[in-house]
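Numbering (this note's numbering), first residue to last: 29 to 203.
Don't be surprised by glycine CBs; every beta carbon is placed ideally from N, CA and C.
Input: a single structure, listed below in structure tokens.
Pasting the structure below:
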């Protein structure tokens, strides 16, 4: 029995807007640019993440009013040292500088790979579908973490949730 008889005919995919291949045509886009930008982004994200987790430890969540989460939810690796006194300012400065420096590189990397985000069919297999879901979490988490971080620098909170827990949990989704 012929296999084509058992399969339903596939519907034609509309070639409109961002789903047209010519829509994203650029000589700069490609795996080489994404790799290059990833190499530049990696140290910034590592430094920003480590200093963010150090900042979280400096809140001293063992004190009752400083606890951000319910008991047993948080990760405590060490106690924040009492000296030198400038250590917290250093980690916060590194966190903000590397976070802000990573934003244009992240946006450039998203520009380099955006044709893959609009490829059709959306999921060719279960593994490909899981990969796409993972990419959605990565892209969404990164945009959320960096956008809320910039808004926090400006001390502007238009969202209806607490910044610190949301930023903290989104960093785990992003990482």
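CB residue 119 to CB residue 79, shorter than 7 angstroms?
yes
Please name the residue, chosen from 66, 110, 51, 190, that lies closest to residue 138 on a Cα-to-Cα basis.
66
Have a look at residue 165 and residue 201 and give me their C-alpha separation to the nearest angstrom.
7 angstroms
Is the beta carbon of residue 131 sitting closer than 7 angstroms to the one on residue 174?
yes
Express the C-alpha separation of residue 199 and residue 179 in angstroms, rounding to a whole number.
16 angstroms
Compare the Cα-Cα distances from residue 203 to each of 73, 109, 192 and report the closest residue.
Of the candidates 73, 109, 192, the one whose C-alpha sits nearest the C-alpha of residue 203 is 73.
Report the residue ranges of all alpha helix (DSSP H) runs contained in full by the region 145-186; include only those spanning at least 4 residues, in chain order.
Segments of the alpha helix (DSSP H) lying fully in the region 145-186: 154-181.
Please tell me whether residue 126 and residue 75 are closer than 7 angstroms, where the distance is taken between their beta carbons.
yes
Measuring only the C-alpha atoms, how far is residue 82 from residue 108?
8 angstroms
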